[in-house]
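Here the structure comes first, spelled out in structure tokens, and everything after it is commentary.
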Amino acid sequence: MPITETHDLHKRRFGRNVGVALSLVGFAAIVFGLTVAKIREGSTMEAFDHTPRVSVTPPVETGQ
Amino acid sequence: MTDLTTNTTATAAEGDAQFGDYVQLLKPRVMSLVVFTALVGLLVAPVSVDPMIAFTAILFIALGGGASGALNMWYDADIDAVMRRTAKRPVPSGRVTSGEALSLGLWLSAISVAMLGLATNWLAAGLLAFTIFFYAVIYTMWLKRATPQNIVIGGAAGAFPPVIGWAAATGSVSIEAILMFGLIFIWTPPHFWALALFMKSDYHEAKVPMLTVTHGRRETRRQILIYTLVLAPVALGLAFTSVAGPVYLAAAIVLNAIFLKGAWDIWRRDEATAEADAYLVEKRVFRFSLYYLFLHFGALLADAGLRSWGIV
Chain A
41 MPITETHDLH KRRFGRNVGV ALSLVGFAAI VFGLTVAKIR EGSTMEAFDH
91 TPRVSVTPPV ETGQ
Chain L
2 MTDLTTNTTA TAAEGDAQFG DYVQLLKPRV MSLVVFTALV GLLVAPVSVD
52 PMIAFTAILF IALGGGASGA LNMWYDADID AVMRRTAKRP VPSGRVTSGE
102 ALSLGLWLSA ISVAMLGLAT NWLAAGLLAF TIFFYAVIYT MWLKRATPQN
152 IVIGGAAGAF PPVIGWAAAT GSVSIEAILM FGLIFIWTPP HFWALALFMK
202 SDYHEAKVPM LTVTHGRRET RRQILIYTLV LAPVALGLAF TSVAGPVYLA
252 AAIVLNAIFL KGAWDIWRRD EATAEADAYL VEKRVFRFSL YYLFLHFGAL
302 LADAGLRSWG IV
């Protein structure tokens, strides 16, 4: 059976696959929207990979 | 080739669920109540919440409620298969396998709690986690099959959403949130027992102890009146907190008077009278109890609107 042939199983599962795809796209959109909202309201944003973290870096002495 | 064909046919016959079957596992009708009461809890809080954060919070509170519904359907598949009302649910009908329901329930629980914590705060997330645990473990696995007070205990799980909504907005739990909890908690038994009086259910065959079966219908009528009497001061007490105003006070007075009259009528009737008019009063009180809860929370929302426009 060639892989391109549409089996009855594929037809039956089409609706389910579309549902799962839309749920995943929706989840990604929510995470994006939430991130935008958090930045807009001024939440602290820190990178955790190969960058200094402001909250754990000792303050730099700038006085004379 | 032959093996493959046989295999796919077998898969189609058992557990070949559509997306809608998974949605049904989340008990969408229960979710609508969760969404509404959680939304009111969040909106009446004296803190303004970013619309996107509010939307996310409500979505994941609802999803957490849905997850507990899926866990309930996973565990209760044996009971559901026996009762006519629930025999067509996805698990007992065979459209969704038991393992799929458990997996969906557990994953959605984890995702909803984590996302609510990230979106709002960890008190709200903790309350959501506790609600799921309470409904799935304390109620479904333990007390539902053990005591005729199961409806009372199950009602606590349904009463948590406005508290979670409030906690999501404020980061704390106060008297307003506790009274909103009390309103749903004490409303649940008379609401369900009014239904149990006129619904010919097969809980007995499923070996679930319901008050109408274990203590009789006379006692059920008495309990409806007792709970409605306790409910009135809780509902009116909420009127004197910061979240309520004139709309809620007026609504609470009228709605509780009508509910009390209905409970009184139910208590005074005997089975012969009720059967003669096909449980007319019981059906009326049950229908009214739905409006009762919706209008109380709607009134809180109306007062919040009036406050935000500076009218009261």
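So the protein sequences, as listed, match chains A and L.
Throughout the first sequence, residue numbering follows the working numbering, covering 41 to 104 in sequence.
Throughout the second sequence, residue numbering follows the working numbering, covering 2 to 313 in sequence.
Where is the CB? At the ideal position from N, CA and C, for every residue including glycine.
Note that the coordinates shown come from a computational prediction; the quantities given were computed from them, not determined experimentally.
- The beta carbons of Ala-178 of chain L and Pro-191 of chain L sit no closer together than 8 angstroms.
- Of all residues in the stretch 23-43 of chain L, the ones placed with a Cβ closer than 9 angstroms to any Cβ belonging to chain A are Tyr-23, Val-24, in chain order.
- When the Cα atoms are used, Gly-246 of chain L and Ile-139 of chain L turn out to be separated by approximately 36 angstroms.
- Collapsing the DSSP output to three states places Phe-20 of chain L in a helix.
- Annotation: Ile-133 of chain L to Pro-92 of chain A spans about 39 angstroms, alpha carbon to alpha carbon.
- At least one beta carbon of chain A lies nearer than 8 angstroms to the beta carbon of Ala-18 of chain L.
- Listed in chain order, the positions of the stretch 70-83 of chain A with a beta carbon within less than 9 angstroms of a beta carbon of chain L are Ile-70, Val-71, Gly-73, Leu-74, Val-76, Ala-77, Lys-78, Arg-80, Glu-81.
- Residue state for Met-53 of chain L is assigned as helix, using DSSP reduced to three classes.
- What Met-53 of chain L touches in chain A, judged by beta-carbon distance under 8 angstroms, is Gly-73, Leu-74, Val-76, Ala-77, going in chain order.
- With a cut-off of 8 angstroms on Cβ pairs, the stretch 69-81 of chain L is in contact with the stretch 23-33 of chain L, counting three or more such pairs.
- When C-alpha distances from Ala-197 of chain L are compared across L:Pro-149, L:Tyr-293, L:Leu-43, L:Ala-157, the shortest belongs to L:Pro-149.
- A contact between stretches requires three or more CB pairs, one per stretch, nearer than 8 angstroms, and the stretch 296-307 of chain L meets this requirement with the stretch 245-262 of chain L.
- Remark: C-beta atoms of Thr-189 of chain L and Gly-238 of chain L do not approach each other more closely than 8 angstroms.
- Cβ proximity to chain A below 8 angstroms picks out Ala-120 from the stretch 120-141 of chain L.
- Within chain A, the C-beta atoms nearer than 7 angstroms to that of Thr-57 of chain L come from Ile-70, Leu-74, in chain order.
- For Trp-123 of chain L, the enclosing alpha helix (DSSP H) starts and ends at 123-134.
- Classified as buried, Trp-167 of chain L has 16 or more neighbouring CB atoms from the shown chains inside 10 Å of its CB.
- Val-97 of chain L and Asp-17 of chain L have their C-alpha atoms some 7 angstroms from each other.
- Assignment of Gln-25 of chain L by DSSP, reduced to helix, strand and coil, places it in the helix class.
- Pairing Val-235 of chain L with Ile-187 of chain L gives a Cβ-Cβ distance under 8 angstroms.
- The stretch 60-67 of chain L and the stretch 83-95 of chain L do not touch, with fewer than 3 CB-CB distances between them shorter than 8 angstroms.
- Proximity of Arg-93 of chain A to chain L, defined by a Cβ-Cβ separation below 8 angstroms, is not satisfied.
- Asp-48 of chain A is classed as exposed because its beta carbon has fewer than 16 other beta carbons within 10 Å across all chains shown.
- Just so you know, the alpha carbons of Leu-281 of chain L and Asn-122 of chain L end up roughly 47 angstroms apart.
- Taken atom to atom, the span from the alpha-carbon of Glu-276 of chain L to that of Ala-68 of chain A is near 55 angstroms.
- Looking at the backbone, the Cα of Trp-194 of chain L and that of Arg-80 of chain A are separated by about 48 angstroms.
- Collapsing the DSSP output to three states places Gly-246 of chain L in coil.
- Here the alpha carbon of Ala-240 of chain L sits roughly 19 angstroms from the alpha carbon of Tyr-228 of chain L.
- Separation of Ile-259 of chain L and His-216 of chain L (C-alpha to C-alpha, rounded to the nearest whole angstrom) is 26 angstroms.
- Membership of Arg-53 of chain A in the alpha helix (DSSP H) is indicated by the continuous run 48-80.
- Residue nearest to Ala-71 of chain L within the set L:Met-53, L:Val-83, L:Ser-99, L:Asp-79 is L:Ser-99 (criterion: CA-CA distance).
- With fewer than 16 other Cβ atoms from the protein chains shown falling within 10 Å of its own Cβ, Leu-291 of chain L counts as exposed.
- Membership of Trp-194 of chain L in the alpha helix (DSSP H) is indicated by the continuous run 176-199.
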